[in-house]
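Step one of this worksheet: look at the structure below.
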């Protein structure tokens with residue numbers, strides 16, 4: 001499932017949960033993209049550019065087929081530097097922070113005009129986050145003398161510095177919308193850095209991870225993990241939110257192999273942390289957790305259920321429902337796991353999961369076990385919704401969405417065959433990017449020049465000439481051998497000699513051959529006549545002069561002349 005988007009140079013790289021690249025979009029008008037925001041309802045993406053002289057903020061609806069990006073905010077001068085960008089679901093406004101102007105701004109969705117929310121002079125702004133439920137802005141400042149993390153109301157009032165100790169360079173921060181906590185990356189002095197968290201008011205501060213040789217730039221998270229971009233290794237790193245002793249830091253994705261100009265990852269966005277929330281339920285769960293912590297810290301109780309308390313509090317059993325316990329000192333109900341409300345009358349699983357089954361975690365929070373087709377903290381999102389592009393059909397295989405493409409290619413059917421073939425046919429094929437999608441696309445170019453045809457013919461004969469010649473030579477050899485055997489057989493047959501005995505009396509012996517008298521002439525007829533040509537040394541009589549005689553008369557005259565001196 002597509003989960004993370006990261007800006008690298010002028011590109012946006014889309015990654016799935018297993019770090020495989022599912023998409024890659026280039027903004028040709030951008031110079032260096034430093035911020036990213038996303039409206040998951042309309043599938044509109046917003047990008048901040050710090051080096052563009054014409055546009056500071058781009059936007060594009062990912063449902064459209066247009067490759068061009070639109071300008072939302074025109075750059076005032078070359079000093080604009082958008083370091084934070086956020087889409088507010090409630091007000092439908094885009095919120096951004098300019099580190100050069102040192103202010104937090106918003107762009108109204110109707111007028112599309114920038115409006116200043118708060119001016120923060122003498123502050124080196126680094127990161128921006130918004131808590132959807134409390135409607136507060138949070139930002140980090142990396143001032144050398146006074147690094148801090150601060151907050152204010154949505155209208156810019158009530159500015160508070162919530163964290164100001166044990167900070168060196170808080171380079172990035174984000175808010176866990178589900179748990180209501182702040183997470184930030186602190187690039188400490190020298191080669192050290194750390195990832196920390198706290199409540200929205202700065203309390204319950206905790207070090208998640210401490211390491212060396214990283215330069216964290218942006219931070220984000222999903223339901224289970226924390227992600228941050230690092231310029232030292234040009235990579236994204238990941239670690240669990242609830243780390244254990246044996247948990248290891250993972251280099252989740254490196255960008256060295258993409259060969260991108262200015263190829264360091266900058267801004268990071270996770271899809272799981274931009275969804276709409278049930279803020280009332282989140283507040284109730286946090287209040288319940290705080291009450292439990294307070295009671296445990298003051299040692300007012302040691303457990304939820306004891307037999308002595310059951311007997312002493314029978315009169316209050318009707319006040320606290322679902323086996324909740326009434327606390328005399330605080331006059332509140334201490335509910336069992338899975339229930340909230342003044343009288344423990346509300347199940348935390350009530351109407352929580354849109355699909356699937358709801359269970360209660362050890363932290364008394366609801367958790368949804370989603371069926372294969374749904375995802376999200378409350379199983380509210382069909383994993384196939386908007387996943388396949390260009391009319392591709394989506395299905396689920398091994399828990400992951402799979403697209404069956406008709407007139408397109410790619411993991412999400414994002415590459416149209418028609419457009420790819422037009423580009424292929426319009427350009428020299430040697431200059432086409434040698435990608436797997438380009439090779440596997442079955443293109444038929446309508447106009448192929450003679451050079452390409454002759455090249456194809458040459459390739460055919462060059463590849464098959466030896467085979468063709470071998471077959472011809474073999475056939476001729478077999479024919480020659482067959483004819484040789486046949487001629488040799490004919491030569492072995494006996495030769496028959498025929499003789500005619502011509503007598504003056506016209507008598508020719510038939511059965512016996514007596515001694516020839518002197519008045520007879522024996523003629524050996526061996527291959528005498530070949531059609532009408534006589535090969536035997538016979539002589540034409542001198543009396544042959546009239547060519548008008550018939551053939552029969554010529555034969556008689558020929559035999560008659562044999563009685564003369566010129567006979568055989």
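Numbering (the numbering used here), first residue to last: 1 to 568. Cβ coordinates follow ideal geometry from the N, Cα and C atoms, glycine included. Only a predicted model underlies this, so the values are computations on that prediction, with no experimental measurement involved.
Drop a sphere of 10 angstroms on the beta-carbon of residue i, count the other beta-carbons inside from all chains shown, and report buried for 16 or more, exposed for fewer.
i	result
residue 475	exposed
residue 144	exposed
residue 418	exposed
residue 212	exposed
residue 96	buried
residue 194	buried
residue 216	buried
residue 342	exposed
residue 214	buried
residue 484	exposed
residue 381	buried
residue 219	buried
residue 467	exposed
How big is the Cα-Cα spacing for residue i and residue j?
i	j	result
residue 112	residue 75	14 angstroms
residue 117	residue 106	7 angstroms
residue 155	residue 406	50 angstroms
residue 356	residue 273	20 angstroms
residue 52	residue 81	9 angstroms
residue 319	residue 347	16 angstroms
residue 70	residue 84	19 angstroms
residue 197	residue 166	13 angstroms
residue 39	residue 175	17 angstroms
residue 126	residue 329	46 angstroms
residue 128	residue 61	23 angstroms
residue 34	residue 147	22 angstroms
residue 465	residue 492	41 angstroms
residue 11	residue 115	28 angstroms
residue 182	residue 32	27 angstroms
residue 130	residue 184	13 angstroms
residue 227	residue 102	27 angstroms
residue 124	residue 362	41 angstroms
residue 349	residue 279	15 angstroms
residue 142	residue 173	12 angstroms
residue 30	residue 92	25 angstroms
residue 163	residue 16	34 angstroms
residue 481	residue 463	30 angstroms
residue 410	residue 334	54 angstroms
residue 207	residue 36	27 angstroms
residue 325	residue 371	35 angstroms
residue 89	residue 398	33 angstroms
Would residue i and residue j be called neighbours here (beta carbons separated by less than 8 angstroms)?
i	j	result
residue 231	residue 252	no
residue 42	residue 59	no
residue 4	residue 268	yes
residue 413	residue 425	no
residue 368	residue 379	yes
residue 260	residue 249	no
residue 138	residue 151	yes
residue 22	residue 14	yes
residue 377	residue 178	yes
residue 133	residue 180	yes
residue 254	residue 225	no
residue 140	residue 170	yes
residue 221	residue 241	yes
Determine, for residue i, whether the minimum Cβ-Cβ distance to residues of chain C falls below 8 angstroms.
i	result
residue 231	The question asks about chain C, but that chain is absent: this structure has only one protein chain.
Kindly indicate which three-state DSSP category residue i falls into: helix, strand or coil?
i	result
residue 199	strand
residue 354	coil
residue 180	coil
residue 349	coil
residue 471	helix
residue 187	coil
residue 477	helix
residue 71	strand
residue 7	strand
residue 569	In the structure as shown, the chain begins at 1 and stops at 568. Residue 569 is therefore absent and cannot be evaluated.
residue 153	strand
residue 488	helix
residue 271	helix
residue 622	The structure shown does not extend to residue 622, since the chain is modelled only from 1 through 568, so no value can be given for it.
residue 89	coil
residue 233	coil
residue 333	strand
residue 257	helix
residue 34	strand
Is residue i near the ligand ATP, in the sense that its beta carbon is under 7 angstroms from a heavy atom of that ligand?
i	result
residue 421	This structure does not include the ligand ATP; it has no bound ligands of any sort.
Mind pulling the alpha helix (DSSP H) runs of 4 or more residues that sit fully within the stretch 357 to 428? Counting whole runs of 4 or more residues, the stretch 357 to 428 contains the alpha helix (DSSP H) stretches 417 to 426.
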